[in-house]
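See below for the structure under consideration.
Given below as C-alpha cells:
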C-alpha cells in the first residue's frame with residue numbers, strides 16, 4: 006500500500022520466482038531480494054528464475 010492507502014505493487018509468481026502480471030513497480034521481488042536487469046541478486050551471485058538456478062558458481 007502507498008501513503009494514501011492505494012495499491013503500490015502487486016504480482017503473482019510462478020515456480021522458481023518468475024514474475025507474472027506485475028502491477029506497479031518495486032525493487033524488491035521474489036524472496037525479498039532486489040531485482041535488476043540480470044535478475045534477483047543474492048549477495049554474491051544472480052538467480053535465474055527461468056531455470057531455477059544461480060547464474061554463477063559460488064567461489
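Numbering (the working numbering), first residue to last: 6 to 64. Glycine included, C-beta positions come from ideal geometry on N, C-alpha and C.
Asked	Found
Can you grab the Cα-Cα spacing for the pair residue 8 / residue 49, in whole Å?	34 Å
What residue from 12, 55, 62 has the CA that sits closest to residue 25's CA?	55
Pull the bridge partners of residue 50 from the DSSP assignment, please.	Bridge partners of residue 50: none, in fact.
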